[in-house]
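Written out below as structure tokens is the structure these notes cover.
Residue numbers (this note's numbering): 549 to 653.
Encoded structure:
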């Protein structure tokens with residue numbers, strides 16, 4: 549059974565999060581770790597989790613009002629996959645994106 553999701557926007561979303569981490573989470577060559585996981589949370593929904601142990605996204609930055617292109621793209625791409633996003637700022641930054649999937653017969 550193939551799994552059908554909106555693969556292109558999901559790939560772009562993951563790429564956007566990962567390509568921003570070295571610049572923002574690990575400034576000035578600081579070392580760190582990025583962890584990516586995906587989990588099935590209910591029959592037709594996955595959760596993608598991208599966590600870094602960097603300096604953390606500043607509290608003043610809000611995804612809804614973000615002016616930076618990177619966060620705007622993350623919001624747009626999350627909407628394109630009919631997903632929701634949560635950002636945690638505890639010991640780095642964690643993006644949690646929940647999105648639907650379906651299996652074709």
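Each residue gets a CB set at the ideal place from its N, CA and C atoms; glycine is no exception.
- prompt: Which runs of the alpha helix (DSSP H), 4 residues or longer, sit entirely within the segment 554–642?
  reply: 555–572 and 617–628
message: Would residue 569 and residue 603 be called neighbours here (beta carbons separated by less than 8 Å)?
response: no
- request: From the DSSP output, in three-state form, read off residue 649 for me.
  value: coil
message: Using only CA atoms, which one of 593, 554, 646 and 615 lies nearest to residue 631?
response: 646
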